[in-house]
Amino acid sequence: MSAPLLSLDGVEAVYQHSIRALHGVSLTVRPGQVHALLGANGAGKSTTLKAVSNLLPAERGQVTAGRIVFDGIDVGRTSPADLVRLGLVQVLEGRHCFPSLSIEENLVTGGLGRDASRAELKADLQRVYEVFPRLKDKRHLRAGLTSGGEQQMTAIGRALMSRPRLLVLDEPSMGLAPLVVQEIFRTLKRLSQHEGLSILVAEQNSAVALQYADYATLLDTGASVLEGPAEQLRRRSDIQESYFGEGLSKKTAHAA
Ligand code: ATP
841 MSAPLLSLDG VEAVYQHSIR ALHGVSLTVR PGQVHALLGA NGAGKSTTLK
891 AVSNLLPAER GQVTAGRIVF DGIDVGRTSP ADLVRLGLVQ VLEGRHCFPS
941 LSIEENLVTG GLGRDASRAE LKADLQRVYE VFPRLKDKRH LRAGLTSGGE
991 QQMTAIGRAL MSRPRLLVLD EPSMGLAPLV VQEIFRTLKR LSQHEGLSIL
1041 VAEQNSAVAL QYADYATLLD TGASVLEGPA EQLRRRSDIQ ESYFGEGLSK
1091 KTAHAA
């Protein structure tokens, strides 16, 4: 089996020195894998992703125990900007775009941190437009005027402009219509299968996440409680009922 690209071992985290959000999260993302991080509201998915990208200090939070290793390097003290340079790029929850900039200007901001030449930026833009053709049609439109799905694609496209090896996404499905969610997950899956991009995606929508993921880790009240191939977890109705409510089995049956 290939060496892990990202591994978390017993990660614990607090906010404001006292609010315990994580108390034992372990997971392993392998190269080229789509790894879903599942759990109910408040289970600790966003906190885990922020720990990975070293974004907790910005919210008065910190990792208090455990290890986070990316590509063989302990990245516990690596700044978010350096993580991007190493190839670990996060798309935050809520499809952050600059609303007054055009889609293309938003995308270009993603390539600025890595000293790219104009020719490289142009080639990378073309690549993002191949990945998300509808962004090309709307490239001169202000991002704030586009649909929620297009804004999410812009946020993902901007991350792709940094040439990630691991793309970390927080709830990409949030607030989007089911067909758009399918389109986005299909694209992510294609990027992992055809370009070897590794993806760690936190989702409350476990039906769609398990449909496209290769592997999944389940969080419950701040700890990882279960992991396995997505296909196996999809079939475990006991898990679905305990952690997600009965809805998942119906939704998954429908999606399959
Ligand atoms: P959701 O899907 O609702 O975002 P989640 O699984 O991503 O849920 P987190 O947002 O990581 O969960 O929250 C985990 C715990 O940490 C919750 O108890 C939450 O209230 C707490 N928490 C999250 N952010 C902060 C913060 N900035 N300050 C204090 N507590 C926080």
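Note that this note's numbering has the sequence shown beginning at 841, numbered continuously upward. Even glycine gets a Cβ: it sits at the ideal position worked out from N, Cα and C.
When the Cα atoms are used, GLN902 and HIS857 turn out to be separated by approximately 8 Å. Membership of GLY850 in the beta strand (DSSP E) is indicated by the continuous run 846-855. Sequence-distant Cβ neighbours of LEU848 in its own chain, meaning closer than 6 Å and more than five residues away, are VAL865, SER866, LEU867 and ILE908.
Pairing ARG1075 with LEU1050, the inter-Cα distance amounts to about 10 Å. Cβ atoms of PRO871 and GLY1036 come within 8 Å of each other, at about 6 Å. Taking the Cβ of GLU1011 as the reference point, at least one heavy atom of the ligand ATP falls within a distance shorter than 7 Å.
Look at the stretch 1008-1093 and you find these whole runs of beta strand (DSSP E), each 3 residues long or longer: 1038-1043, 1055-1060 and 1063-1069. In this structure the stretch 890-906 does not touch the stretch 1054-1074; the number of beta carbon pairs closer than 8 Å is below three.
For PRO1012 and LEU1028, the gap between their C-alpha atoms comes out near 11 Å. Runs of beta strand (DSSP E) with 3 or more residues, each lying fully within the stretch 903-970, are found at 928-931, listed in chain order.
By the neighbour-count criterion, in which a residue is buried when 16 or more other Cβ atoms sit within 10 angstroms of its Cβ, ALA1056 is buried.
If you check the CB distance, PHE910 and LEU889 do not come in under 8 Å. Bridge partners of THR994 according to DSSP: none are assigned.
Between the stretch 955-965 and the stretch 985-994 there are fewer than three inter-stretch CB-CB distances shorter than 8 Å, so the stretches are not counted as touching. The C-beta of LYS978 has 16 or more other C-beta atoms within 10 Å across all chains shown, which makes the residue buried. DSSP, reduced to helix, strand and coil, places THR986 outside both helices and strands of the structure shown, so it counts as coil.
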